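Colleague: Dropping a structure here in C-alpha cells format, bear with me for questions.
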Amino acid sequence: MPEFTLTSAPPLAGYDQSFDGVKLGAPVDLAIVSIALPLGGEVAAEKAIKSAYGAALPAPGKSVLSKDGLARLVRLSSDAAFVIFTHATPDAEPHVAEKLKGAAYTTDQTDVWSALEISGAKARTALERICPIDLHADAFADGDAARTSMEHLGTLIIRTGGDAFLLLSASSSAKSFLHAVETSIHNTA
Amino acid sequence: MIINHPHLGPRDAAEFIYLGDASLIDRPDWQDENATEKFYEYGYLRNNPAGEHQELWYHEQGDRSWLVVTRNTLTHEITKVEMARDVARARGRSK
Chain P
1 MPEFTLTSAP PLAGYDQSFD GVKLGAPVDL AIVSIALPLG GEVAAEKAIK SAYGAALPAP
61 GKSVLSKDGL ARLVRLSSDA AFVIFTHATP DAEPHVAEKL KGAAYTTDQT DVWSALEISG
121 AKARTALERI CPIDLHADAF ADGDAARTSM EHLGTLIIRT GGDAFLLLSA SSSAKSFLHA
181 VETSIHNTA
Chain X
1 MIINHPHLGP RDAAEFIYLG DASLIDRPDW QDENATEKFY EYGYLRNNPA GEHQELWYHE
61 QGDRSWLVVT RNTLTHEITK VEMARDVARA RGRSK
C-alpha cells in the first residue's frame, strides 16, 4: 500500500502585506478551541477555566489574556467561549480539554476559521466601511470582541491593541474575506 | 433598525433573523384533552396587532441567541429586548 502524508495548507498561510498606514497578515499556527458551558454546570466550568488559565472568563463581548499571556479567552455568549492560542500541531482540543478536566465541552475549531491581523494607524479607517460595529476606543475597548458580519461573511472581531484587531472568518470563504478587507483598505487609502 | 441586545449592546438588525410571534414559546401540552384544537391554534392562528407586538428574533450573525423583542408595528419603535431563555423561564419552563 502506498504511503500518504498530509500537508496542512491553511487558505491564507503566508499572507503578509503592508499598505499605507495598515499592516495586514495571517497569523501562523493559530489554534482555536470552543468551550461550551454545560447547562447547570456554568459555575463549575467558570471555576475550571479560571484555575486552568489564571484569568476569569470575562462577560460576553469581552476577552482576556491568560495569566501567562499565551492564550486569549473570548466570551461569545452566556454559554460559549473560544480559547485562541498559538499551537503548531493539530491537537489543540485535547490540550484545552486536559486543562479543564471535563468541566466544559470543548470542540476544535482551528481549521474552521481563518484569521487576519490588521494593525496600524489607519486600521480602523479601513474597517469602518465593512464592519457594522462601532470600533472607536470608547465603544470598543482593548480586549472587546464581537461576532458580526462583514460583506455578508460571519466575522469575529477582537481588539488586541490600540490600533490592532484580530479578524476571524470562515476558512471556506477566507479568500473572499481577504479580498473584502483588502478592497476596503484600498478604498479608504 | 437597531436591536439593543441585552448582553452585547446595540446591533444592526441585519445581524438578526425574524421568526415571528413570541407566543410560540407557549407550546401546548400534547396530553391535553383538546390538544388537537390547541395545536391548531398554536400552529396557525396569530394576532395581528396594530401596536405593541412581542416577537422572536435570532441573532444568527452574532452570539446565536434567541431574543424576545417588543416592537410597535405602527412606528417600529423597539421598547424592550429580553433573552428568550429568561422569558421562557419566567413563564415556568425548566430550561
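Protein chains in written order, with the working numbering: chain P, 1 to 189; chain X, 1 to 95. Just so you know, even glycine gets a beta-carbon here, dropped at the ideal spot from N, CA and C. None of these values were measured; they are calculated from a predicted model.
(1) State buried or exposed for D68(P), treating a residue as buried only when at least 16 other CB atoms are found within 10 Å of its CB.
(2) Do L153(P) and F177(P) come within 9 Å of each other at the CB atom, strictly closer than that value?
(3) Should V181(P) and L24(P) be called a contact, given that it needs their Cβ atoms to be closer than 9 Å?
(4) Any beta carbon of chain X sitting closer than 9 Å to that of R147(P)?
(5) Could you give the uninterrupted runs of the beta strand (DSSP E) lying entirely in the segment 1 to 82 of chain P, keeping only those of 3 residues or more?
(6) Among residues of its own chain, excluding the 5 on either side of S65(X), which ones have a beta-carbon nearer than 7 Å to its beta-carbon?
(7) Just the chain X side, please: which residues come within less than 9 Å of S78(P) by C-beta, in chain order?
(8) Extract the residue ranges of the beta strand (DSSP E) inside the segment 117 to 155 of chain P, only unbroken runs of 3 or more that lie entirely within it.
(9) Can you grab the Cα-Cα spacing for the pair E151(P) / F4(P), in whole Å?
(10) Would you list, in chain order, the members of the segment 143 to 167 of chain P that have their beta-carbon closer than 8 Å to a beta-carbon of chain X?
(11) Beta carbon of L166(P), beta carbon of A115(P): below 9 Å?
(12) Are G161(P) and D134(P) touching if we call contact CB-CB under 9 Å?
(13) Select from the segment 125 to 136 of chain P all residues with a C-beta closer than 9 Å to any C-beta belonging to chain X, and list them in chain order.
(14) Could you pull the DSSP bridge partners for N4(X) from this structure?
(15) Name the DSSP beta bridge partners of R71(X), please?
(16) Checking 9 Å against the spacing of the C-beta atoms, do V28(P) and I118(P) come in under that value?
(17) Our contact map puts H5(X) next to V87(X) with C-beta atoms below 8 Å; I'd like the distance itself, whole angstroms only.
(18) Does A88(X) get closer than 9 Å to chain P when you measure Cβ to Cβ?
(19) Select from the segment 25 to 36 of chain X all residues with a C-beta closer than 9 Å to any C-beta belonging to chain P, and list them in chain order.
(20) Compare the C-beta of A59(P) against all C-beta atoms of chain X and say whether one is closer than 9 Å.
Modeller: With the given structure in hand:
(1) D68(P) is exposed by the Cβ-count criterion.
(2) yes
(3) yes
(4) Cβ-Cβ to chain X under 9 Å: yes for R147(P).
(5) 16 to 19, 22 to 25, 30 to 36, 63 to 65, 71 to 77
(6) H59, M83
(7) H7, D63, S65, M83, R85
(8) Restricted to the segment 117 to 155 of chain P, the beta strand (DSSP E) segments that are unbroken, complete and at least 3 residues in length are 145 to 150, listed in chain order.
(9) Spanning the two alpha carbons is a distance of roughly 38 Å.
(10) A146, R147, T148, S149, G154
(11) Cβ atoms of L166(P) and A115(P): closer than 9 Å.
(12) no
(13) P132, I133, D134
(14) P10(X)
(15) H53(X), I78(X)
(16) no
(17) Between V87(X) and H5(X) the Cβ distance is about 14 Å, and since that is not below 8 Å, they are no contact.
(18) no
(19) none
(20) yes
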